[in-house]
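One structure is given here, and the rest of the page talks about it.
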Amino acid sequence: MTQASAEGRELGARLRERDLTAAPAALNLVESRAPGAREQTAQLLAAVSPAALGGEAGAHVVGLTGPPGVGKSSLLSRLVAGW
């Protein structure tokens, strides 16, 4: 196992243990274009896939990211109001 895949697996394990402090690092990893990030992301996604967790979740989880000032909060407010 490479260091890259180990980091993705570690983040996945932390998320499975409900360690929400791992969420920002996981989102950054998924968005990263750094060398090795694709392998890490694949390992992370495998670690938190429905197959690894024993089935589909009872609810949807949405992560909303972006730079400051692009309208994340406005979009979220509209989505929640429309739901």
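Mapping of the sequence shown onto the working numbering: residues -9 to 73, in sequence order.
No residue lacks a Cβ here, since even glycine has one placed at the ideal position from N, Cα and C.
Indicate the three-state DSSP secondary structure (helix, strand or coil) for residue 55 in the structure shown. The residue you call residue 55 lines up with position 65 of the sequence shown. Reduced to three states, the DSSP call for residue 55 is coil.
Rounded to a whole number of angstroms, what is the C-alpha to C-alpha distance between residue 50 and residue 15? For the purposes of this step, residue 50 is taken as the residue at position 60 of the sequence shown. For the purposes of this step, residue 15 is taken as the residue at position 25 of the sequence shown. One Cα belongs to residue 50, the other to residue 15, and the distance between them is close to 20 Å.
8 Å Cβ shell around residue 46 - same chain, five flanking residues per side excluded: For the purposes of this step, residue 46 is taken as residue 56 along the sequence shown, with counting starting at 1. So the list reads 40, once near-sequence residues are dropped.
Determine the contact status of residue -2 and residue 32, defining contact as a CB-CB distance below 8 Å. Here the question's residue -2 lines up with position 8 in the sequence shown. Here the question's residue 32 lines up with position 42 in the sequence shown. Residue 32 sits close to residue -2, with the two beta carbons spaced by under 8 Å.
For residue 7, the three-state DSSP class (helix, strand or coil): The sequence position of residue 7 within the sequence shown is 17, counting from 1. Coil at residue 7, not helix or strand.
Measuring straight from C-alpha to C-alpha, what distance separates residue 43 and residue 36? Sequence index remark: in the sequence shown, residue 43 carries index 53 (1-based). Sequence index remark: in the sequence shown, residue 36 carries index 46 (1-based). Cα-Cα distance, rounded: 10 Å.
Proximal residues to residue 3 (C-beta, below 7 Å), its chain only, five neighbours per side dropped: Locating residue 3 in the sequence shown gives position 13, counting from the first residue. Closer than 7 Å at Cβ, skipping near neighbours: 37.
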